[in-house]
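Undergrad: Attaching a single structure in structure tokens format; questions to follow.
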Amino acid sequence: MGETNYLVVGSSHAALEAVHAIRMIDAKGSVALVTRDAHLPYSPTVLPYVVSGRSKPERVALRDEAYFKTMNVDFVRGATLVGIDAKNRTARFEGQPARKFDKLLLATGAQPIIPPIKGLDKVPFHVLRSLDDALGLRKAMGQAKRAVVLGAGLIGMHAAENLVEAGLAIGIVEMQGQVLPGYFDAKASGLIEKAFAAHKVTLKLGRKAQEIKSGAVVLDDGSELPFDLLLVSTGVKPELGYLEGSGVATERGILVDARMNTNVEGIFAAGDVAQAKLFQAEGTGVAGILPAAVEQGRIAGMAMAGDRALKPYPGHVSLNTYTFFGQQAISVGAGVAGPVPAGAETIERADAAKNAYLRLALKDNRLLGAVGINVSLDPGILWQLILRKVDLAPVMDRFQADPLAVGRVLMSRLWR
Amino acid sequence: MGKAFDSIVFHGKNCDGCGDCVTACVKAKGGSDALSSRIKILPDGAGGFELALCRQCGEAKCVMNCPSGALTKNGDSGVIDWADDKCVNCLLCTVGCAYGGITYEAQIGHVIKCDQCGGQPACVAACPHDALAFSTIAGIYNSYGDKEDMFAPGLSACQGCNSELLIRHTMRRIGPNAVVAAPPGCIPGMGTVGYNGKTGAKVPIFHPLLTNTSSMLAGIRRYYERQGRDVTVVALAGDGGTVDVGFQALSGAAERGEHILYICVDNEGYMNTGMQSSGSTNYGSWTSTTPVGPSLKGKRSDGKNLPMVMMMHNCAYVATASLSHMEDYYAKLDQALETSKNGFAYVHVYAPCPSGWRFHSSKTIDICRLGVETNFIPLWEFTPKGGLRFTLPTENPRPITDYLKAIGKYRHLEPAQIEHIQHLADERLSLLSKFVRDTGARPAAE
Ligand SMILES: Cc1cc2nc3c(=O)[nH]c(=O)nc-3n(C[C@H](O)[C@H](O)[C@H](O)COP(=O)(O)OP(=O)(O)OC[C@H]3O[C@@H](n4cnc5c(N)ncnc54)[C@H](O)[C@@H]3O)c2cc1C
């Protein structure tokens with residue numbers, strides 16, 4: 001049985017930031033990065049671009065073997081975590097001997113949800129989470145003519161665009177009444193839908209897939225969408241299978257505190273697998289985005305190595321950037337996608353000629369959130385204004401008129 | 001040792017928003033209009049200007065957020081490099097940046113950021129108002145960081161001590177071929193001469209009496225010279241051991257032109273024995289022997305200005321320095337070291353003391369800088385041939401109160417005292433100016 005001071009499972013953003021943070025403090029302790037994947041570390045976010053061919057699969061690696069050598073990290077591929085014995089501090093793998101650990105980080109991310117649709121188990125379909133998924137989809141795309149995408153979240157929308165550009169006829173089915181619910185309000189989503197419609201994508205919004213027949217999706221209104229390629233992108237769920245009997249507490253994801261520690265001291269979780277504090281709401285949630293995986297991974301690594309510079313996780317702020325057909329969409333914070341929260345004020349501006357739309361949500365002179373379509377915004381600055389609860393009262397008029405310039409002035413000053 | 005890097009510095013108070021930097025950036029990097037500029041100058045709504053520019057962060061969030069490996073920290077230049085052919089336009093880098101340093105510009109079609117123009121930033125060259133500067137000071141830390149530290153780790157100086165920083169840097173430069181005298185004061189007090197039979201330095205170091213530092217060093221140097229060996233002898237002395245108790249030996253050695261490098265670390269008092277006033281303590285200062293009460297309001301007389309006294313000895317080299325301006329100090333140390341092979345070199349370093357002066361230990365270098373920027377501490381050097389030269393003249397000094405208000409030992413000052421201190425500082429500067437002979441001054445370094 002192998003023994004490791006720091007055992008990190010997964011090889012994506014959360015895991016890599018944790019390894020970096022550990023090595024910043026502890027140059028000597030043994031570190032192992034063990035992943036189920038057969039490839040060098042890569043990001044799931046890059047996969048749509050592998051599908052489209054913009055990114056070459058051999059050039060998407062976030063680290064190479066030389067990095068692990070320099071950092072003295074034991075990088076093990078093709079080993080799936082299948083069980084944890086918290087008491088004896090042991091992790092069991094498929095395809096690898098078990099390992100004892102002092103500190104364990106679970107950074108196993110998320111997996112596609114396969115919805116219980118009648119007939120789905122009888123047809124071949126694609127998902128998009130791993131590099132092998134992307135390569136498979138790319139290959140299938142070359143031979144297909146019509147595709148149906150189930151779910152209009154970020155993964156589905158990204159993939160649909162690639163399929164359009166590869167010349168396929170596309171239908172998207174989404175249960176909710178708009179694309180990208182959760183990040184954008186109906187007006188913002190409307191602009192995105194317009195771009196897809198202009199590319200001849202059939203959008204079936206507010207519709208459910210009732211049954212999958214060979215070669216067609218039957219919707220709840222009885223209509224049918226024919227396909228020879230089917231992509232399921234109806235959401236993701238944390239990868240928790242290996243936790244059975246371990247005593248590590250979970251709800252939707254693995255429950256962690258502000259240092260990313262689970263209920264078992266010394267076992268940590270970060271990224272898409274973790275359920276952590278929220279910044280703008282009570283309770284906890286699964287963030288499911290790359291910047292949160294980076295932040296949580298770094299904090300977990302610092303906590304594991306006992307870095308005294310650790311600042312506890314302030315909580316997740318909803319964030320996303322989305323580019324579609326050369327246009328840009330940005331969503332930061334709360335109060336911009338759904339109904340206006342109590343006591344908040346929203347400001348909306350649209351410029352139809354430019355296909356531009358801006359929505360700001362404010363409360364007590366603090367920024368709650370912002371959505372912009374084809375509007376220049378610095379999402380990183382807006383995120384900081386929210387996290388730091390910057391009082392905008394002295395600059396409110398100017399901020400509302402020009403959040404880009406005034407945000408930059410504020411951060412330039414806060415920095416000094 | 002980790003590397004430090006060059007950086008673009010913004011002096012907002014000098015910026016008038018002329019936009020020449022923006023024009024220069026667009027010209028250098030290509031683009032159609034001001035939006036294509038990597039440097040962004042923004043009116044703050046109150047007549048001033050602020051900056052949005054890539055900070056080339058050490059732990060860069062844009063790099064961490066990049067899913068395609070398009071952004072990397074360049075280990076040689078420190079610049080965050082962006083690779084066009086790997087970028088997928090996902091904009092997640094702009095989520096990471098808190099400064100508007102990497103931005104998506106629709107007319108260009110991808111994110112843009114500053115690359116420092118390969119070490120010669122066009123914006124800096126174009127700035128007509130000294131609002132932008134390219135600081136290369138980090139190079140010092142790289143070259144000195146690679147040199148061996150001549151002191152043991154774990155010296156027990158107070159938190160925020162300026163003197164420890166100074167002696168470590170100084171001896172890194174001087175190297176192992178040296179003998180150090182550390183007369184009673186903070187420097188031996190923090191353990192440089194050792195405890196319990198163990199030494200705190202990797203060079204021969206000894207603890208002379210307060211009175212005889214210069215005499216002992218003179219003897220050691222002469223002995224080595226007689227043996228035909230070129231060994232640097234250096235005093236790392238406090239102001240008490242220099243300005244007061246050790247002065248007659250110092251004055252004699254200077255007069256004889258002994259081949260000594262004498263560094264006085266001036267924290268304006270006997271700080272390690274309980275913060276008593278010394279001859280160097282400035283007017284108005286609170287110390288334990290110049291208390292503040294109903295009648296006494298701190299020290300009543302002005303401090304001796306020893307560097308000026310040493311200049312009147314016509315020493316081969318005399319200089320003043322402050323650790324807020326390291327390039328200046330290193331240039332002077334080089335010159336002093338060279339001079340001390342054949343003559344007497346005296347360097348007076350101002351050393352604000354968090355414990356004795358009553359300011360927070362994180363503020364030491366800020367206080368050093370304020371001293372220089374208010375002209376309370378003019379930085380100059382003198383050689384008999386060249387006369388006196390201000391090395392970093394402060395043309396638009398800040399009010400002296402910026403310095404005094406930052407330091408607890410001046411907290412009690414009354415308006416009349418502040419006026420008197422301003423007067424003393426003005427007099428000091430005008431007196432020093434009378435010794436300036438060299439007009440072809442070197443350009444001021446940052
Ligand atoms: C197509 C697509 C597009 C996306 N676009 C965006 C976007 O635009 N913006 C954004 O913010 N986010 C986006 N995301 C989400 C983002 O990629 C994730 O939030 C992020 O990758 C989470 O990182 P992670 O380290 O937590 O987990 P993951 O990236 O999911 O990595 C999990 C790692 O654990 C390994 N693993 C899993 N189970 C095991 C096991 N049992 N044993 C060993 N190893 C295991 C996996 O092989 C993998 O290496 C996108 C995701 C996808 C799929």
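Which chain is which? The protein sequence lines are A and B, in order. Heads up: the first sequence begins at 1 in this note's numbering, then just goes up one per residue. Heads up: the second sequence begins at 1 in this note's numbering, then just goes up one per residue. Virtual Cβ for every residue (Gly too), placed ideally from N, Cα, C.
Using DSSP with H/G/I as helix, E/B as strand and the rest coil, what is Phe279(A)?
TA: coil
Undergrad: Should His110(B) be listed as close to ligand 1, given that the test is whether its C-beta is under 7 Å from any heavy atom?
TA: no
Undergrad: Just checking: is the beta-carbon of Lys40(B) within a distance shorter than 8 Å of some beta-carbon in chain A?
TA: With 8 Å as the cut-off, Lys40(B) counts as an interface residue toward chain A.
Undergrad: Give me, in chain order, the residues of the same chain whose beta-carbon lies closer than 8 Å to that of Asp128(B); leave out the 5 immediate sequence neighbours on both sides.
TA: As written in the sequence, residue 128(B) is Pro, which differs from the Asp given in the question. The residues are Cys18 and Asp20.
Undergrad: My parser needs the beta strand (DSSP E) runs of 3 or more residues fully inside the region 156-224 of chain B; what are they?
TA: Counting whole runs of 3 or more residues, the region 156-224 of chain B contains the beta strand (DSSP E) stretches 178-181.
Undergrad: Have a look at Ala331(B) and Asp239(B) and give me their C-alpha separation to the nearest angstrom.
TA: Computed Cα separation, rounded: 22 Å.
Undergrad: Taking a Cβ distance cut-off of 7 Å, strictly less, list which residues of the region 35-60 of chain B are near chain A, in chain order.
TA: Lys40, Leu42, Asp44, Gly45, Glu50, Leu51 and Ala52
Undergrad: Looking at Gly253(A) and ligand 1, is the gap between the Cβ and the nearest heavy atom below 7 Å?
TA: no
Undergrad: Tell me whether Arg99(A), by its Cβ, gets closer than 7 Å to a heavy atom of ligand 1.
TA: no
Undergrad: Going by CA-CA distance only, name the one from Gly96(B), Ala98(B), Val233(B) and Asp426(B) that's closest to Arg221(B).
TA: When only C-alpha atoms are compared, the closest one is Val233(B).
Undergrad: Restricting to Cα atoms, I'd like to know which of Glu224(A), Gly177(A), Phe227(A) and Ile192(A) is closest to Leu205(A).
TA: Gly177(A)
Undergrad: Distance check for Met171(B) and Gly10(A), CA to CA, integer angstroms please.
TA: 47 Å
Undergrad: Verify the contact flag: Pro48(A), CB atom, against every heavy atom of ligand 3, threshold strictly below 7 Å.
TA: As presented, the structure is devoid of ligand 3, carrying ligand 1 as its sole ligands.
Undergrad: Let's see if you can read the secondary structure: which residues bound the beta strand (DSSP E) around Pro291(A)?
TA: Premise fails: Pro291(A) lies in the alpha helix (DSSP H), Leu290 to Ala305, not in any beta strand (DSSP E).
Undergrad: Could you give the distance in angstroms between the alpha-carbon of Lys187(A) and the alpha-carbon of Pro339(A)?
TA: Straight-line Cα distance between these residues: approximately 12 Å.
Undergrad: Entirely within the region 330-378 of chain B and at least 3 residues each: give me those beta strand (DSSP E) ranges in chain order.
TA: The qualifying runs are 345-350.
Undergrad: Name the residue from Pro176(B), Asn142(B), Ser251(B) and Lys297(B) whose alpha carbon lies nearest to the alpha carbon of Met311(B).
TA: It is Ser251(B) whose Cα lies nearest to the Cα of Met311(B).
Undergrad: Who are the Cβ neighbours of Val179(A) in its own chain at under 8 Å, not counting the five residues just before and after it?
TA: Short of 8 Å from the beta carbon of Val179(A), and not among the five residues preceding or following it, lie these beta carbons of its own chain, in chain order: Ala152, Met157, Ile172, Ser189, Ile192, Glu193, Phe196, Leu203 and Leu205.
Undergrad: Rounded to the nearest angstrom, what separates Arg259(A) and Val243(B) at their Cα positions?
TA: 54 Å
Undergrad: Residues of chain A with CB under 7 Å from Leu71(B), in chain order?
TA: Contact annotation for Leu71(B) against chain A: no contact, minimum CB-CB distance about 11 Å [criterion: below 7 Å].
Undergrad: With three or more beta-carbon pairs closer than 8 Å as the criterion, would you say the region 398-416 of chain B touches the region 336-344 of chain B?
TA: no
Undergrad: Can you check whether the CB of Arg92(A) is closer than 8 Å to the CB of Phe101(A)?
TA: no
Undergrad: Taking only three categories from DSSP, how would you classify Ser285(B)?
TA: coil
Undergrad: Compare the C-alpha of Pro208(B) against each of Met216(B), Lys202(B) and Ala201(B) and name the closest.
TA: Taking only the C-alpha atoms, the option nearest Pro208(B) is Met216(B).
Undergrad: One question on the structure: do Asn461(A) and Leu392(A) come within less than 8 Å of each other, judged by their Cβ atoms?
TA: Outside the modelled stretch of chain A, which goes from 1 to 416, sits residue 461(A), for which no answer is possible.
Undergrad: Assuming Leu290(A) contacts Trp383(A) (C-beta within less than 8 Å), just tell me the rounded distance between them.
TA: No, Leu290(A) and Trp383(A) are not in contact; Cβ-Cβ is about 13 Å, not under 8 Å.
Undergrad: Grab me the residues of Cys114(B)'s own chain with a C-beta within less than 6 Å of its C-beta, minus the 5 sequence neighbours each way, in chain order.
TA: Arg38, Leu53 and Cys54
Undergrad: Within the present structure, is the beta-carbon of Gly21(B) separated from the nearest heavy atom of ligand 1 by less than 7 Å?
TA: Correcting the residue type first, residue 21(B) is Cys in the shown sequence and not Gly. Not under cutoff, so the answer is no.
Undergrad: Below 8 Å on the Cβ atoms is my contact criterion, and I expect Ala21(A) with Met302(A) to pass it. Report the Cβ-Cβ distance as a whole number of Å.
TA: 5 Å
Undergrad: Regarding Leu163(A) and ligand 1, is the C-beta to nearest heavy atom distance less than 7 Å?
TA: Every heavy atom of ligand 1 is 7 Å or more from the Cβ of Leu163(A), so no.
Undergrad: Can you list the residues of chain A that Gly75(B) reaches, using a CB-CB cut of under 9 Å?
TA: Neighbours of Gly75(B) on chain A: none; closest Cβ ~11 Å, over 9 Å.
Undergrad: Indicate the three-state DSSP secondary structure (helix, strand or coil) for Ala152(A) in the structure shown.
TA: coil
Undergrad: Please confirm whether any heavy atom of ligand 1 lies closer than 7 Å to the CB of Ser43(A).
TA: yes
Undergrad: Under a Cβ-count criterion, where at least 16 other Cβ atoms within 10 Å of its own Cβ denotes burial, should Thr70(A) be classed as buried or exposed?
TA: exposed
Undergrad: Looking at C-beta atoms only, is the number of pairs between the region 85-96 of chain B and the region 399-413 of chain A that lie closer than 8 Å three or more?
TA: Per the Cβ contact rule, the region 85-96 of chain B is not in contact with the region 399-413 of chain A (fewer than 3 Cβ pairs under 8 Å).
Undergrad: For Thr213(B) and Leu306(B), I'd like the C-alpha separation in whole angstroms.
TA: So the two alpha carbons sit approximately 16 Å from each other.
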